[in-house]
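For reference, the structure is listed below as structure tokens.
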Amino acid sequence: MHKINRPDNLSNGAWHILETFCNQYNENESKYLEIPNAFDYTRSELETYMQELHDSGYVMWQNCGASNEYLYLTFKGYCIARNDNPDRYIK
Numbered sequence: 086m087h088k089i090n091r092p093d094n095l096s097n098g099a100w101h102i103l104e105t106f107c108n109q110y111n112e113n114e115s116k117y118l119e120i121p122n123a124f125d126y127t128r129s130e131l132e133t134y135m136q137e138l139h140d141s142g143y144v145m146w147q148n149c150g151a152s153n154e155y156l157y158l159t160f161k162g163y164c165i166a167r168n169d170n171p172d173r174y175i176k
């Protein structure tokens with residue numbers, strides 16, 4: 086099981102997203118997390134938090150529009166992605 090401590094430099098929203106991804110992976114090794122359906126944020130808030138995580142190096146985020154969005158979780162050496170071929174990005 087992977088444990089993640091909250092980094093000091095993340096906002097509450099960004100931390101919530103990062104923690105949710107890690108927890109879901111630990112619980113069931115799910116390769117899927119619906120974005121933005123998993124979070125109660127506006128689209129603007131979600132994009133701000135994703136960009137914050139991306140800029141901090143905790144995720145690689147590629148927003149290609151609402152129907153094709155990628156979030157690669159790089160922390161602890163594993164990735165979680167939502168796209169047409171998620172197995173390609175799991176380490």
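Using our numbering, the letters of the sequence shown correspond one by one to residues 86 to 176.
For every residue, glycine included, the Cβ atom is placed at its ideal position computed from N, Cα and C.
Quantities reported herein were computed from a predicted structural model and do not represent experimental measurements.
Measuring straight from C-alpha to C-alpha, what distance separates residue i and residue j?
i    : j    : result
S96  : C107 : 17 angstroms
L138 : A99  : 6 angstroms
S141 : T127 : 21 angstroms
E104 : R91  : 8 angstroms
D125 : L131 : 9 angstroms
N94  : I102 : 14 angstroms
M135 : S129 : 10 angstroms
Quick check on the DSSP output: the alpha helix (DSSP H) that includes residue i runs from which residue to which?
i    : result
R128 : R128 to S141
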